[in-house]
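Worksheet: one structure, shown below.
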Amino acid sequence: MYKFLGELINVDQAVRKGVDKIEFKLETLEVSVWDARGYILAEDIYASINQPPFHRSAVDGFAVKAEDTFGASPLNPITLRIKGSLKPGDKPGIKIDHGEAVEVSTGAPLPQGADSVIMVEDVDIVNNYIRVHKPVPKWANVSRLGEDYSRGDLLVSKNTVLKPHDLAIIASSGYKYVKVYRRLSVGILCSGDEVVEPGQPLSGGEVYNSTGVLIKNYLDEMPFIKTYYYGIVGDQKSLLRDFIEKLIGKHDLLITSGGAGVSGVDVLRDVVEELGEYVFRGVAMRPGRPTSLALINNKPVFMLSGYPVAAWTGLEALVKPIIYGSLGIEVPAKPIVKALLTRRTPNVIGYRSYIRVGIKRVDDKYYAEPYMLRGSGVLSSLVKTNGYIIIPEDLEGYEKDSIVDVYLYS
């Protein structure tokens, strides 16, 4: 069936070829730290100040000179005079001498001369004095100047996909705007005379476009991508060609579903051959074997199967790592659970298989139950499972009770 594909390359080779061939040229823009989540940072961010910018109290209590507390005990408390109080936002204008203390709230600056804080529950307050019942070491309960980071430290590296905590630390150093790359523009096009959009009535032999819905929502989980869905194009070569020529000029990348196989009505591969060149045409993996990548006017076009599970595998194994790699960012690590396989799971030598599994815990062990219904269109295999295992190309499968890595769906 797949003779036209010739000798299939493996998944790792396909990813490397894709990353090597694709070069996205994304302009930069400045975005407020309030709105920059999900963008890719276009420059290293260095600290412009020390953080904290002053010594501050980490607890509610009393700022003191540590040496004034040495020798304190319940039987021999040390008495210190309360000189004043400081709260967050106050200027540290108070200066203490030996025998004095200043009441401080959490986050308040330390008064001049203080080098530790006694927690409020560790003292007795008598009129304008405190009685200290145990010594405190120097810098106890104090967040010291520059403890979090110092001026000039690298805060967030270029090519980071900005998350809330990244933006928080950038803002903590006083930055209002960050330079980022504009979002990657991705056009999505589905093909097939038999495909109908959800909400429309079905006629004989027609199926709903679940694959298009899957592709768009999968890509939308990558926050640095902006997707544009263009609907379904029938299996008419001239119409498909016109659509691709039009969209390739509008977007950084195109993703199609359907038309990547070998049947007489799968015309997409012929259109691609006329307009551009293949980077790879089919990959030795199951499901998703027909997944292909081409360049048209130096723009990447991914061709995914029209079957939803095969399309999902193509997205997970190829599209996602190639996009991340081409942008110079790391694919987020997936949570992995080690589990015992509940049955023998075969593989075809030379192919990498992605097997959906359900995880269950019995006592202190995890078990992985392979979803055994075959077929690239068995969409329920993704819904009824919570992860997948990978059987490499050089194995005929895993035996029952093998310990396997289960990659949990994110």
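For the sequence shown, the numbering used here assigns the number 2 to the initial residue and increments by one for each residue that follows. Ideal placement from N, C-alpha and C gives every residue a C-beta, glycine not left out.
Cβ atoms of VAL405 and ALA334 stay farther apart than 8 Å, at about 17 Å. Taking one beta carbon from each stretch, the stretch 174-187 and the stretch 36-47 have 3 or more pairs nearer than 8 Å; the two touch.
Relative to ILE50, the option among GLY114, GLY147, ASN387 whose CA is nearest is GLY147. The straight-line gap separating the alpha-carbon atoms of ASP116 and HIS99 is approximately 12 Å.
GLU198 sits away from GLU207, with the two beta carbons spaced by 7 Å or more. Proximity of the stretch 320-335 to the stretch 362-374 falls short of the contact definition, fewer than three beta-carbon pairs being nearer than 8 Å.
Separation of PRO288 and GLY351 (C-alpha to C-alpha, rounded to the nearest whole angstrom) is 13 Å. Sequence-distant partners of SER403 (beyond 5 residues in either direction) whose C-beta falls short of 8 Å from its own C-beta, in its chain, are LEU341, LEU342.
Judged by DSSP in its simplified three-state form, PHE63 adopts strand. Excluding the 5 residues flanking it on each side, VAL12 has same chain C-beta neighbours closer than 8 Å at VAL284, ALA285, MET286, ALA318, LEU319, ARG353, in chain order. The Cβ atoms of PRO112 and ILE95 sit closer than 7 Å to each other. Within the same chain, Cβ atoms closer than 6 Å to the Cβ of TYR229 are found at GLY188, the five residues on either side in sequence being excluded. In this structure ILE337 is exposed. Its beta-carbon is surrounded by fewer than 16 other beta-carbon atoms within 10 angstroms.
In the DSSP assignment, ASP125 falls within the beta strand (DSSP E) that extends over 124-127.
Counting along the chain, the unbroken alpha helix (DSSP H) around PRO165 starts and ends at 165-173. Here the stretch 225-243 lies against the stretch 266-283, with 3 or more beta-carbon pairs under 8 Å apart.
Collapsing the DSSP output to three states places ASP221 in a helix. The C-beta of PHE71 has fewer than 16 other C-beta atoms within 10 Å across all chains shown, which makes the residue exposed.
HIS166 is positioned such that its CB atom lies no closer than 7 Å to that of PRO78. With at least 16 other beta carbons inside 10 angstroms of its own, TRP313 counts as buried. Counting along the chain, the unbroken alpha helix (DSSP H) around LYS18 starts and ends at 12-22.
Under DSSP, LYS366 shares a beta bridge with VAL363.
Annotation: ASP395 to ALA141 spans about 58 Å, alpha carbon to alpha carbon. Judged by pairs of C-beta atoms under 8 Å, the stretch 24-37 touches the stretch 167-180, as three or more such pairs exist. Within the same chain, and ignoring the five residues on either side of LYS159 in sequence, the residues whose Cβ sits closer than 8 Å to its Cβ are LEU42, ALA43, GLU44, ASP45. The stretch 59-67 and the stretch 211-219 do not touch, with fewer than 3 CB-CB distances between them shorter than 8 Å. Secondary structure of ARG132 (DSSP, three-state): strand.
According to the DSSP assignment, VAL181 belongs to the beta strand (DSSP E) that extends over 178-182. If you keep only unbroken beta strand (DSSP E) runs of at least 3 residues inside the stretch 190-236, you get 226-234.
Apart from the 5 residues on each side of it in sequence, PHE225 sits with its Cβ closer than 7 Å to the Cβ of GLY39, TYR40, ILE41, VAL162, ARG184, LEU185 in its chain, given in chain order. Counting C-beta atoms within 10 angstroms of its own C-beta, GLY329 has fewer than 16 neighbours from the protein chains shown and is therefore classed as exposed. In this chain, the alpha helix (DSSP H) harbouring LEU328 covers 321-328. One Cα belongs to ILE392, the other to LEU409, and the distance between them is close to 15 Å. In this chain, the alpha helix (DSSP H) harbouring GLY315 covers 309-315.
Residue state for ILE50 is assigned as coil, using DSSP reduced to three classes. For ASP149, there is no enclosing beta strand (DSSP E), since its DSSP letter is neither H nor E.
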